Amino acid sequence: MEIRKLNTLRGLAALIVFVTHFSDITNWLDGVLGGGSGAYGVMLFFLLSGFLMSYLYLEKDFTKANVTYYFLARMGRVLPLYLVVVVGSYLLSISGNNTLYSIPDLNALLGHLLFLYGESILWSIPPEIQFYFIFIIFWACASNRSGYIYLSMDPLINEAFFQN
Numbered sequence: 029m030e031i032r033k034l035n036t037l038r039g040l041a042a043l044i045v046f047v048t049h050f051s052d053i054t055n056w057l058d059g060v061l062g063g064g065s066g067a068y069g070v071m072l073f074f075l076l077s078g079f080l081m082s083y084l085y086l087e088k089d090f091t092k093a094n095v096t097y098y099f100l101a102r103m104g105r106v107l108p109l110y111l112v113v114v115v116g117s118y119l120l121s122i123s124g125n126n127t128l129y130s131i132p133d134l135n136a137l138l139g140h141l142l143f144l145y146g147e148s149i150l151w152s153i154p155p156e157i158q159f160y161f162i163f164i165i166f167w168a169c170a171s172n173r174s175g176y177i178y179l180s181m182d183p184l185i186n187e188a189f190f191q192n
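Counting from 29, one number per residue, gives the positions in the sequence shown under this note's numbering.
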């Protein structure tokens, strides 16, 4: 599903990330626009992702079929390219070539494959994958809600405002 009005925010987030990386690589404007500013664009992507996932999934029943579809959709979006880059970087690194990212040993490779951390710009993938798992908990809780939570401990207020 696409909410077209969010495309401007997606474009802004992509532009922030692009300009930051461009500034870091070329030292454009003396690198003023680089140095980690791209994290704001990534955070905007995370915000959009959280909103869209809530919009798409929280109203659906928490069933095995829906959860399976969710995992396949989320993982299929991120994992294939991530795994190619991480394994390729590892193989290049152990052969002495750091053309992609430096993943020099088995511990670093496992850290990437278990989504504990990411080298360089790969840092954003582990939090994204971790959020996908945490979202399942929110989805399960949202689907099991059974009523309203009374905001007051005073029975008179509850009786006045929360009549059946």
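For each residue, glycine too, the CB sits at the ideal point set by N, CA and C. Since this is a predicted model, take the numbers as computed values, not measurements.
{"Check": "For G62, which three-state DSSP category applies?", "Outcome": "coil"}
{"Check": "Measuring alpha carbon to alpha carbon, tell me which residue in N55, W56, Y68 and A93 is nearest A42.", "Outcome": "Y68"}
{"Check": "Apart from the five residues on each side of it in sequence, which residues of its chain come closer than 8 Å, Cβ to Cβ, to G175?", "Outcome": "The predicted position of G175 is uncertain, since its pLDDT is 45 and thus under 50; a value taken from the coordinates is nonetheless stated next. Nothing meets the Cβ criterion."}
{"Check": "Label A93 either buried or exposed according to how many other C-beta atoms from any shown protein chain fall within 10 Å of its C-beta, with 16 as the threshold for buried.", "Outcome": "exposed"}
{"Check": "Out of curiosity, what's the CA-to-CA distance linking L144 and C169?", "Outcome": "26 Å"}
{"Check": "Compute the minimum distance between the beta carbon of I53 and the heavy atoms of the ligand COA, and state whether it is under 6 Å.", "Outcome": "As far as ligands go, the structure on display features none, and thus does not contain the ligand COA."}
{"Check": "Going by Cα to Cα distance, which pick from L76, L138, G104 and L111 is closest to R32?", "Outcome": "L76"}
{"Check": "For K123 and Y110, I'd like the C-alpha separation in whole angstroms.", "Outcome": "Note that residue 123 is Ser in the sequence shown, not Lys. Looking at the two C-alpha atoms, the distance is approximately 20 Å."}
{"Check": "Give a yes or no on whether the C-beta atoms belonging to L128 and G116 are separated by under 7 Å.", "Outcome": "yes"}
{"Check": "So, helix, strand or coil for P154, using DSSP?", "Outcome": "helix"}
{"Check": "Note down the Cα distance separating L150 from L72, rounded to an integer number of angstroms.", "Outcome": "16 Å"}
{"Check": "In the DSSP assignment, the alpha helix (DSSP H) including K33 goes from what residue to what residue?", "Outcome": "It is not in any alpha helix (DSSP H) - K33 carries neither H nor E in the DSSP assignment."}
{"Check": "Give me the residue from F163, V70 and L120 with the minimum Cα distance to P132.", "Outcome": "L120"}
{"Check": "Measure the beta-carbon distance from D89 to S148 and round it to whole angstroms, keeping in mind my assumption that it falls under 8 Å.", "Outcome": "Not really, about 40 Å apart at Cβ, beyond 8 Å."}
{"Check": "With a floor of 4 residues, list each alpha helix (DSSP H) that falls wholly inside the region 63–131, ordered by position along the chain.", "Outcome": "66–85 and 92–122"}
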